[in-house]
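Just so you know, we're using the working numbering here: the sequence shown kicks off at 13 and counts up by one. Here a beta-carbon is modelled for each residue, glycine too, at the ideal position from N, C-alpha and C. Here is the structure we will look at.
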Amino acid sequence: DVIATPNLNGDYLSDALAAQVGGIGIAPGGNINYATGHAIFEATHGTAPKYANQDKVNPGSVILSGEMMFRHLGWDEAADAIMRGMEGAIAAKTVTYDFHRLMEGATLVKCSEFGRAIIAHM
């Protein structure tokens, strides 16, 4: 789905909606020029330097941005595999710290371990 807004309003809306799914660690981002077909897909969050080299953060935002890119390119099979992996890892409650604090009975894993869990569920 697409909601077109001025930049500031879009920032407010995207932050509020990201909170609904667990935070910006999982929210993907895409900027598409429908006139030219050019697009950029990116994580919605910043670099979080305080977490550098800790293998801690949720890679979901950039992974789901890749999923959006694959759909944009028409590579639905690859996008579907990513979604299966993400859904499977989260359903199994194998999650990074941001989801762990929201899910009862979840297993806390590092960023790299979450990536492996996603791959295992593909």
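Three or more C-beta pairs below 8 Å linking the stretch 32–39 and the stretch 107–118: yes
Limits of the unbroken alpha helix (DSSP H) element including I131: 123–132
Go to E99, then tell me how far its alpha helix (DSSP H) extends in each direction, as first and last residue. 88–103
Measuring straight from C-alpha to C-alpha, what distance separates R128 and T106? 10 Å
Is the CB-CB distance between A30 and A16 below 8 Å? no
Between S73 and A55, is the Cβ-Cβ spacing less than 8 Å? yes
Suppose you measure from the CA of V121 to the CA of D67; what does that come to, to the nearest Å? 9 Å
Are M134 and G78 closer than 8 Å when you measure CB to CB? no
To which residues does DSSP link G49 through a beta bridge? In DSSP, G49 forms no bridge with anything.
Could you tell me whether the Cβ atoms of H84 and I44 are closer together than 8 Å? yes
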